[in-house]
Amino acid sequence: MKSGFAIIIGRSNVGKSTLLNRLIGTKLSIVTNVPQTTRKNIHGILNTEEGQVVFIDTPGVLKGGHGGLSGQMIDQVKETLHGIDTIIYVVDPSRSIGSEERYTLSLIRGAEVTKILVINKIDLKDKPYIEDYRAIGAEEFTSVIELSAGEGTHIKSLVNAVMEAMPEGEPVYPMNQRTNLTKEEWVAEIIREKALNEARAEVPYAMHVVVDSIVEKEADPSRGKPHMFVVSARILVNADRYKKMLIGTGGRIIKEIGSVARKELEGILDSKVFLDLEVETDEKWLRLI
Ligand SMILES: Nc1nc2c(ncn2[C@@H]2O[C@H](COP(=O)(O)OP(=O)(O)OP(=O)(O)O)[C@@H](O)[C@H]2O)c(=O)[nH]1
Ligand SMILES: [Mg+2]
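Yeah, the sequence shown ends on 1374 if you go by my numbering, and it's all consecutive.
Encoded structure:
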């Protein structure tokens, strides 16, 4: 039986999380068009007859505000490269190869494992830089796969190439497990995605979501009560002005975040969801992530 780890790495916004979700067939990792959406490594576990692959979605490599790259993020990428069997390096052919891409490429240059270049977003009409990426692929990678994570095309070719590269071994995770996230962490991420979408311009990264509890209530048909999850969650921000923005006039924004998150959770969990959502100012929230 095959078993191993495949890391998904690349610049911010190239579609790494979208790809992870496609590979696993469910929404594990949140997706927005805000750079640095993914904050920590998320494992997505794929089990097939051949074996198990643990795909690791990583925070995008992004130039920091002062022209440098965030040290903590780079350290995380480097640390994650230990013990990896395959590198899936994702690029966006609508963006040119600049210094950021070259830096990201340099992070994996020395790694002596199978390296697959994924040219994502091939559904886009304008892909002016695709030949540049193909050239890098031919030079530095074991194989190149062009696909669309968004539309789900050519995903199977990638799965096959990764499975091929996995060593023999026992599964790392139980065969019925999909991710390393707890249910609380996963629900917090879904809420964070909705909050990023709603309040994007104003509150990009000054925000953290904590789920305090998820209580499952069994259906009680005699009293007309359906099966339900009761979720208590808080959006923490590091300044009062952000709290005001997230709440919105008359609570408009927070209600919208709660309502969109609840609907998505109900769809995925196939159950009624009651979501109690609050916004709090907590200057120490950075310590929590
Ligand atoms: N057209 C198109 N858009 C895509 C595709 N894959 C992802 N996107 C979009 O690209 C944006 C970024 O997607 P993410 O999956 O969040 O990208 P990421 O690389 O995980 O980003 P970070 O977590 O910030 O590093 C979103 O708006 C996606 O909808 C694709 O195949 N085609
Ligand atoms: Mg991501």
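Where a beta carbon is used, it is the ideal one built from N, C-alpha and C, also for glycine. Keep in mind the model is a prediction, meaning the values are calculated, not measured.
The alpha-carbon of asparagine 1245 is positioned some 13 Å away from that of serine 1088. Taking 7 Å as the cut-off, the Cβ atoms of valine 1203 and lysine 1101 do not count as close.
No heavy atom of ligand 1 is found nearer than 6 Å to the CB of asparagine 1126.
When the five nearest sequence neighbours on each side are left out, the beta carbons in the same chain lying within less than 6 Å of the beta carbon of serine 1242 are those of Ile1230, in order along the chain. Contact between asparagine 1126 and isoleucine 1141 holds, since their C-beta atoms are separated by about 5 Å, short of 8 Å. Distances from the alpha-carbon of valine 1139 to those of Val1146, Ile1130, Leu1147, Gly1336 put Ile1130 closest.
Relative to ligand 2, the beta carbon of lysine 1279 is positioned no closer than 6 Å to any heavy atom. The three-state secondary structure of tyrosine 1214, taken from DSSP, is coil. Excluding five sequence positions before and after arginine 1219, the CB atoms of its chain that fall closer than 8 Å to its own CB belong to Ile1204, Val1229, given in chain order. Here glutamate 1135 carries a coil assignment [DSSP, helix/strand/coil].
Shown here for alanine 1284: same chain residues with a beta carbon closer than 7 Å to its own, the five before and five after excluded, namely Met1330, Leu1331, Ile1338 in chain order. By the neighbour-count criterion, in which a residue is buried when 16 or more other Cβ atoms sit within 10 angstroms of its Cβ, tyrosine 1327 is buried.
Per the Cβ contact rule, the region 1254 to 1273 is in contact with the region 1296 to 1308 (3 or more Cβ pairs under 8 Å).
Look at tyrosine 1174 here: in three-state DSSP terms it is strand. At least one heavy atom of ligand 1 sits closer than 6 Å to the Cβ of serine 1102.
Per DSSP, the beta bridge partners of isoleucine 1092 are Ile1141, Ile1172. Put simply, of Asp1367, Arg1096, Lys1369, Gly1110 the residue whose alpha carbon is nearest the alpha carbon of threonine 1238 is Gly1110. About 6 Å separates the beta carbons of glycine 1136 and methionine 1251, which is inside the 8 Å limit, making them a contact pair.
Contact annotation, serine 1344 with phenylalanine 1314: C-beta distance approximately 16 Å; criterion of less than 8 Å not satisfied. Straight-line spacing of the CA atoms in lysine 1200 and glycine 1336 works out to 48 Å.
Spatial neighbours of phenylalanine 1090 in its own chain (CB-CB distance under 6 Å, excluding positions within 5 residues in sequence) are listed in chain order as Val1139, Ile1169, Asp1170. For the pair lysine 1112 and serine 1307, the Cα-to-Cα distance works out to about 34 Å.
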